[in-house]
Structure formats: structure tokens, C-alpha cells
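What follows is a single structure, written as C-alpha cells, with notes after it.
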Amino acid sequence: MTTILVWNPRASRATAELLDEARAKLEGVTVCELGEDEDPVDRARHCLRSQPDRIVAAGGDGTVSAVAAALLELGLGENGPALGVLPMGTSNSFSVALGIPGDLHEAIALLESAPTRTIDVGVAEAEAGKRTMILHCMIGIHADTIASATVESKQRWGVLAYVGSALRQLASLASFAVEITSDAHEIRCRSIGVGVANIAPPRAMMAQGPSHLVPDDGLLDTTIVAAEGISEAVATTWHLYRSALEGEPANRDNVGSLASSTVTIRTDPRQQILLDGEPFGETPVTLTALPRALKVIAPAPSAVAADPVDAALDGLPDLEVAVRGDAGHRGTQ
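All residue numbers for the sequence shown refer to the numbering used here, where the first residue is 2 and numbers rise by one.
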């Protein structure tokens, strides 16, 4: 088996000792280091020219997203090299969502055993261009919180850097008008945040409206959150986190969710877009699911007894819903 290790030396948990361990334990490994000023997608695309059996993204979610994008751009998704992950970043949301161990020695052991599964990916299109989405697209308070956390604070405090950033955003909390066009509906309401998820860990609270997220159902899950003030916003995010851990849909009037293979989001005023944790211009944005498009090295998914259940839209402020065509929808709580 041949392995390409795409190594990001600037990742927060990158060490020479870890690189040595990966070299020693991964069969047929060639290291492909990301340069400081290199486009990571271009670099990953170049590394894939050797046609390896697997390619391992050693870095944060940005590195994983870049490698996944290169695989898909080269037409090497489901039938190409398996994508493995060494989660060396700040949040490592992709690995957490798929059950890949956060302990780097355990993550290497998983790569050695190499269990694979296929998952969906998304494609985002906006004025900023077209980009692959492996995790989620965030608009509103979540996007503003992540984007305003400085590199220095993340290096010093890790995920705690986002707490200070969130407090600053809450101090200037403001809602905006949003229009969402899905396969089945056109929805208008007011919101402080919208999340469209392919996969997401529980701590990505703005993605947790439905009871659970399914990585291979061919659908993107949209969560809409409204709040009148700081206390309601804080209570809602805590509720979303707890409901995600418990596998239950959000049960608050100010949260709604829906599933769709394609979704377009427009806002007034325009809002910045955060795609897989990276800035992606401003709204509007259209997201489309690519079913089972990526082969990943990850543990088998936990058994889920029922299909996802959505949070009801009924309580969202200034809500207007129009049905498009004959498309159906999932059940709501």
C-alpha cells in the first residue's frame, strides 16, 4: 500500500516526533509538506499525481478540506484513494464528527487498520467562487465568532479562543432577514444564524437543529436560529448542544430545521459566509449535496434506530413558508 502524507507543519499539534512516528508506522509513506504560501488544494493535487492508495491529511480542518477538494477535482472521490486524517488542528471538527480519535497515536493506529466508508460532500457557489464543503456552511453569529478569533489567540488558547470571540459577538447581537430556497420550500424569516451541515460535531451548535446528522443520506441539513437578546441566544446554543448529544431535535420555538439536496440562502443585509471554518465571501450562497462522493478512513458509524427528525419551523419570527413543487419533507417533532 502506498500512502501520501500531506503534512501541515504550522498546525497547532504538529511535532517532529509525530512525523517520525507516522513515517515509521504508515506503509509506503511519502511526505508532502505544505509550504507557508502554497495553495493547499494545488499542493494536494500535485501530491496525488503519484496515484497513492490513500492520502492522509495531517493538519486541521482546512488541510482536510483542501485534500478532499483535490480528490474531487481530479475525479478521485468515491473510487479514488481513501482519505485519512491526523487531526492536528484547533477544532478538528471533521475527525470528531466521524469518530476519528483525537489522540494522535490512536489516529495513526486507525490509519494502519484502514477501515473505510463513503460519505457525502457539498459544493458551495457564491460570488467568491465555487468550493468543496466537507463540514458545514455558517452564516451569522457562528461565522462572525469564528472569523473574528485571531490566529494568535487560537495558537495560545486553542478552542477557548472562540469563547472570547463569541462574547464579543453577543454584545452586538443583531438579527437579519433570511430567505431559504430548498427542494421543497421557500422560507422567509428573521434569524441570528443559519447553518447548513453535511457533518458536524455537537459543539457546532448552529448545525444541530435536527435530531442527528447522517453523513451519507444525500442531504444537507439547514438549521435556522433566532433570538431576541443575549440570554435567549446563550440558552439556545446550550439547548442545541444538549439536544445533539441526546440525539433529539431542537425543541425551542426559535429554532427550525429542514433537509434538502440543494439549498440557496439570501440575507438582508448581506452576511459573511464561513465554509468549513474558512471565509468564503458574502451571501447569497447555493449549496448542493454530492451523495457518497468521498471515501474516508474512519470507524464504522454508530447504529441509529430511526431517521432524522427536524425541529419545527413554526415559531421562527416573521415566518413565511411557500411549497415548491411536490417534494416531501422529513418529520418534525
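Even glycine gets a Cβ: it sits at the ideal position worked out from N, Cα and C.
Since we're looking at a predicted model, the values are computed, not measured.
Less than 8 Å between the CB atoms is what I'm expecting for residue i and residue j, so what's the real figure, rounded?
{"i": "N338", "j": "D121", "result": "Residue numbering for the chain in the displayed model covers 2 to 334; residue 338 lies beyond these limits and cannot be assessed."}
{"i": "A59", "j": "L99", "result": "That pair is no contact at about 16 Å."}
{"i": "S192", "j": "G141", "result": "6 Å"}
{"i": "T119", "j": "D217", "result": "6 Å"}
{"i": "H240", "j": "A201", "result": "So it is not a contact: roughly 16 Å between Cβ atoms."}
{"i": "L27", "j": "W8", "result": "Actually they are not in contact, since the Cβ atoms of L27 and W8 sit about 12 Å apart, beyond 8 Å."}
{"i": "P211", "j": "V310", "result": "6 Å"}
Rounding to the nearest angstrom, what Cα-Cα distance links residue i and residue j in this structure?
{"i": "L276", "j": "M134", "result": "7 Å"}
{"i": "V197", "j": "D319", "result": "21 Å"}
{"i": "V286", "j": "G316", "result": "25 Å"}
{"i": "A67", "j": "G219", "result": "21 Å"}
{"i": "A12", "j": "A323", "result": "45 Å"}
{"i": "I298", "j": "A69", "result": "12 Å"}
{"i": "R55", "j": "T64", "result": "15 Å"}
{"i": "L87", "j": "A17", "result": "14 Å"}
{"i": "V124", "j": "R14", "result": "29 Å"}
{"i": "E180", "j": "T284", "result": "11 Å"}
Helix, strand or coil for residue i? Go by DSSP, reduced to three states.
{"i": "G61", "result": "coil"}
{"i": "V235", "result": "helix"}
{"i": "A129", "result": "coil"}
{"i": "D43", "result": "helix"}
{"i": "L246", "result": "helix"}
{"i": "R50", "result": "helix"}
{"i": "A185", "result": "coil"}
{"i": "R24", "result": "helix"}
{"i": "V68", "result": "helix"}
With distances taken from CA atoms, which of the options is nearest residue i?
{"i": "T4", "options": "I266, E321, A25, R14", "result": "A25"}
{"i": "T268", "options": "I225, N80, T289", "result": "I225"}
{"i": "A127", "options": "L288, V310, D311, M207", "result": "L288"}
{"i": "L83", "options": "A236, P102, A115, N199", "result": "For clarity, residue 83 is Ala in the given sequence; the question names Leu instead. Measuring from the Cα of A83, the nearest candidate turns out to be A115."}
{"i": "G90", "options": "G81, I266, N80, G103", "result": "G103"}
{"i": "I274", "options": "L214, V195, V30, L314", "result": "V195"}
{"i": "E39", "options": "L77, P53, G29, P10", "result": "P10"}
{"i": "R50", "options": "D308, G81, M207", "result": "G81"}
* On the three-pair Cβ rule with 8 Å, is the stretch 101 to 111 touching the stretch 40 to 56? -> no
* To do: Flag this pair as touching only if the stretch 292 to 308 and the stretch 172 to 188 have three or more C-beta atom pairs under 8 Å; answer yes or no.
  => no
* Tell me, please, whether the stretch 68 to 80 touches the stretch 286 to 300 by the rule of three or more beta-carbon pairs shorter than 8 Å. => yes
* To do: State whether the stretch 247 to 267 contacts the stretch 26 to 35, with contact taken as three or more CB pairs (one from each stretch) at a distance under 8 Å.
  => no
* Are there three or more Cβ pairs, one per stretch, closer than 8 Å when the stretch 231 to 248 is compared with the stretch 257 to 273? -> no
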